[in-house]
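These protein sequence lines are chains A and B, in that order. Under numbering that gives the first Met the number 0, read the first sequence as residues 0 to 131, first letter to last. Under numbering that gives the first Met the number 0, read the second sequence as residues 0 to 149, first letter to last. Structure record follows, encoded as structure tokens.
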Amino acid sequence: MSALAVGQEIPALRVEAGLPEMKLFSLIMADPNPIHFDPEHTAALGMGPRPINQGTLNMAYPIDALIAVIGDPARIRRFQCRFLGNVVAGDVLDAAGRVLAIEDGVATVELWLDQVDGPRVLAGIAEVSIVD
Amino acid sequence: MSVPDIDALRERAVGHRFPGGVFRVAEYERWLSHDAMHSPPIAGRILHPVWILLGALRGMGVTIDELTALAEAGAHDGTVFGETVMEQHAPLQAEVEYVVRGGVTDLVRRTGKRAGLMDLMTFRLELVDPGGEVAAVSEQTFVFPRRSAA
């Protein structure tokens with residue numbers, strides 16, 4: 000469960016961005032921005048009728064895919080990501096990755112979040128200790 | 000809301016130290032948040048690494064609403080996350096109190112092909128455990144669209 004090798008694929012984790020989870024995260028983050036929970040507001044902004052997923056949730060999915068492989072999240076030393084596009088309520092996504100390199104006991108893992116049959120919406124890099 | 004002068008905005012925001020504070024994640028919050036994130040099972044009280052950012056936001060001493068106001072934007076302007084960096088020196092745990100300290104490190108204005116004019120504010124926050132060690136660091140950029148310039 001814990002071994003990593005250069006070129007190893009991080010298997011895709013398929014998730015749906017659910018509006019109930021987005022509403023919960025607005026509370027967890029004390030984030031009053033209505034683009035995350037109010038369809039009328041996103042529509043009024045010209046962003047469509049479906050609220051936009053929290054960035055923190057989009058970040059979580061590729062990290063989930065990584066944890067499913069490495070087991071212990073404490074092994075993640077660093078995570079960096081860029082948000083490339085919006086995810087809206089009801090979108091179905093694949094979070095996955097690939098081990099790019101291993102050096103000095105640290106694996107560099109490319110991670111991403113893709114819309115199923117659509118564009119990449121998040122690109123990230125994780126540094127993971129290869130020792131439990 | 001009009002577009003603020005970038006030089007004045009930078010002078011006011013960059014170097015601004017947040018009041019800071021503490022955060023503590025209750026076990027039920029750990030459960031609910033991990034469920035919402037679709038997290039695989041995580042043993043013990045260890046928190047999902049996304050809590051580095053969530054905890055930083057909770058403990059920095061200003062709300063997202065106030066942070067948005069510091070950039071002279073509003074909650075209805077469609078503020079979104081830009082680049083995110085999280086460093087984890089030790090995993091965060093539920094039912095442990097962490098001190099949060101830090102502030103704004105950068106603010107720049109960009110023009111995107113689709114989004115148009117926007118301001119990017121970056122802030123860096125350290126999460127300090129009860130033993131005084133920095134357990135994690137969050138460096139986050141917020142993107143403030145300046146729609147009134149469109």
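The beta carbon of each residue, even a glycine, is placed where N, CA and C say it ideally should be.
Item, Value
"Would you tell me roughly how many angstroms separate the C-alpha atoms of B:V2 and B:A42, rounded to the nearest one?", "48 Å"
"Please list, in chain order, all residues of the same chain as B:T121 whose beta carbon is under 6 Å from its beta carbon, the five residues on each side excluded.", "T104, D105, T140"
"Going by other Cβ atoms of all chains shown within 10 Å of its Cβ, with 16 needed for buried, is B:A148 buried or exposed?", "Residue confidence for B:A148 is low, a pLDDT of 49 falling below 50, so the modelled location carries little weight; the figure read from the coordinates is stated next. Counting Cβ neighbours within 10 Å, B:A148 comes out exposed, since fewer than 16 surround it."
"Name the DSSP bridge partner or partners of B:F22?", "B:Y97"
"Report the CB separation of B:M59 from B:L119 in whole angstroms; it is logged as a contact under 8 Å.", "Rounded, the Cβ-Cβ distance is 18 Å, inconsistent with contact."
"Measure the C-alpha to C-alpha separation of A:V14 and A:I27 and round it to an integer number of angstroms.", "20 Å"
"If you draw a straight line from the alpha carbon of A:I9 to that of A:I124, how long is it in whole angstroms?", "12 Å"
"When the cut-off is 9 Å and only beta carbons count, does A:I27 lie next to chain B?", "yes"
"For the putative contact between B:P39 and A:D63, defined by C-beta atoms under 8 Å, what is the C-beta separation to the nearest angstrom?", "6 Å"
"Between the region 31-47 of chain A and the region 101-113 of chain A, are three or more C-beta pairs nearer than 8 Å?", "no"
"Out of curiosity, what's the CA-to-CA distance linking B:F17 and A:D93?", "36 Å"
"Using three-state DSSP, classify A:H35 as helix, strand or coil.", "helix"
"Grab me the residues of B:G19's own chain with a C-beta within less than 8 Å of its C-beta, minus the 5 sequence neighbours each way, in chain order.", "G58, M59, G60, V98, V99, R100, G101"
"Have a look at A:R97, A:A59, A:R74, A:A73 and flag the residue whose alpha-carbon is nearest the alpha-carbon of A:V86.", "A:A59"
"In whole angstroms, what separates the C-alpha of A:F82 from that of A:A122?", "7 Å"
"I'd like the list of long-range same chain contacts for A:V98, defined as Cβ closer than 7 Å, with 5 residues on each side in sequence excluded.", "L3, A4, V5, G6, Q7, A106, V108"
"Here's the rule: buried if 16 or more other CB atoms are within 10 angstroms of the residue's CB, otherwise exposed. What is B:W50?", "buried"
"Tell me whether the beta-carbon of A:M46 lies closer than 9 Å to the beta-carbon of A:F36.", "no"
"Let me check understanding here. Comparing Cα to Cα, which of B:G14, B:S32, B:L126 lies closest to B:R44?", "B:S32"
"Does any residue of chain A have a CB that is nearer than 9 Å to the CB of B:F17?", "no"
"Let me check one thing: in DSSP terms, what residues is A:F82 bridge-paired to?", "A:L121"
"Run through chain A and tell me which residues come within less than 7 Å of B:I5, C-beta to C-beta.", "Residues of chain A passing the Cβ test: none, with the nearest at roughly 22 Å."
"According to DSSP, is B:A68 part of a helix, a strand, or is it coil?", "helix"
"Between which two residues does the alpha helix (DSSP H) harbouring B:P48 extend?", "Careful: B:P48 lies outside any alpha helix (DSSP H) and carries neither H nor E."
"Nearest to B:H88 by CA position, among A:N57, A:G89, A:V91, A:R76, is which residue?", "A:R76"
"So that I know if they touch, is there some Cβ in chain A lying closer than 9 Å to that of B:M59?", "no"
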